[in-house]
Amino acid sequence: MLLCCFYCCLQIRDAAHMLSPDGVCKAFDQSADGYGRGEGAGAVVLRRLSDAEADFAAGKGPPVLAVVKATALNQDGKSASFTAPNGKSQQDLLIQALEKANVKPSDISYLETHGITFFPSHYTSYILHQLIYNLPTML
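In the numbering used here, the protein residues as written are 249 to 387.
Structure follows, in structure tokens:
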């Protein structure tokens, strides 16, 4: 059953032309035409700030590198397709997160993006760039 499900997912992906024909990811480029397969992993260790600071002060742990100031959640609602986010919902989510964290967009000095080489998937990053640099949005 699992093999069948995986095979069906591959067929859907191929039918939707999600893979780049040359297998190369061209994120944020006009020539973007799909994504290139690759695997990777990352980890973020979350701890209560007071515990992390106490452990570091006692020489029992690493320094605190970042603090989660706020989180935000919404539902994308109706969008153009399975792979295309709803721009207005994404913008609302970003503004909600910034307001909850009491952070101005101009306070952001680093932006990690998720670019999979389809413009609609870049939209969240695009909106955040507009907010950071006080540019008018397309919405």
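All C-beta atoms in this analysis are idealised placements derived from N, C-alpha and C, irrespective of residue type, glycine included.
If you draw a straight line from the Cα of Ser354 to the Cα of Leu379, it comes to about 8 Å. Comparing C-alpha distances from Lys317 to each of Ser357, Val351, Leu267 shows the shortest one belongs to Val351. Assignment of Leu321 by DSSP, reduced to helix, strand and coil, places it in the coil class. A buried status is given to Pro333, since no fewer than 16 other beta-carbon atoms sit within 10 Å of its beta-carbon. Residue Thr319 holds the alpha-carbon nearest to the alpha-carbon of Ala349 among Thr319, Ala302, Leu341. For Gly284, the closest of Arg295, Asp277, Asp270, Gly290 by C-alpha to C-alpha distance is Asp270.
Each of Lys308, Leu321, Cys273 was checked against the Cα of Asp299, and the nearest Cα belongs to Lys308. Less than 8 Å separates the beta-carbon of Leu267 from that of Gly282.
Sixteen is the threshold: since fewer than 16 other Cβ atoms of the shown chains lie within 10 Å of the Cβ of Leu294, the residue is exposed. Within the model, the alpha-carbon separation for Ser279 versus Asn322 is close to 31 Å. Within the model, the alpha-carbon separation for Gly288 versus Leu341 is close to 27 Å. With a contact defined as Cβ atoms closer than 8 Å, Val315 and Glu301 miss out at about 10 Å.
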